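Written out below as structure tokens is the structure these notes cover.
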Amino acid sequence: MELKGTVKSVSTERGAKADGGEWVRHDVLINHEKGEYPKDACVSFSGEKFSHLKDLEGKEVKLYFDIDATVKNDKAFNRLKGYRYEKL
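Following this note's numbering, the numbering of the sequence shown begins with 3 at its first residue and continues without gaps.
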């Protein structure tokens, strides 16, 4: 799937894996629908190779992603998992 829009913000979160390694996730908040009732979405990119996403704030992009769901404590959570982007 894909979304086109303006990157509003990029936040980074880091943590430790159970095996002692480190993980990093970059959450990109994108405004994909403008107008009277704007809509935003958060697309998550995993890994250091996406550390330069912070440079895209305020720019027009196209994000490519898959939808993934997990269940915790009998509640379902969706995540938009990004794998590619294009600067427009």
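Ideal Cβ placement from N, Cα and C applies to all residues, glycine included.
Because the structure is a prediction, the values reported are computed rather than measured.
Local Cβ density within 10 Å of His-54, reported as buried at 16 or more and exposed below that: exposed
Three-state secondary structure assigned by DSSP to Leu-65: strand
Length of the line joining the Cα atoms of Glu-59 and Leu-31: 9 Å
Exposed unless 16 or more other CB atoms sit within 10 angstroms - verdict on Val-12: buried
Residue range of the beta strand (DSSP E) that includes Asp-42: 41-48
DSSP bridge partner residues for Ala-71 (one or two, in chain order): Asn-80
Selected residue, minimal CA-CA separation from Glu-62, among Lys-36, Leu-90, Trp-25 and Lys-74: Leu-90
Secondary structure of Leu-31, DSSP reduced to three states: strand
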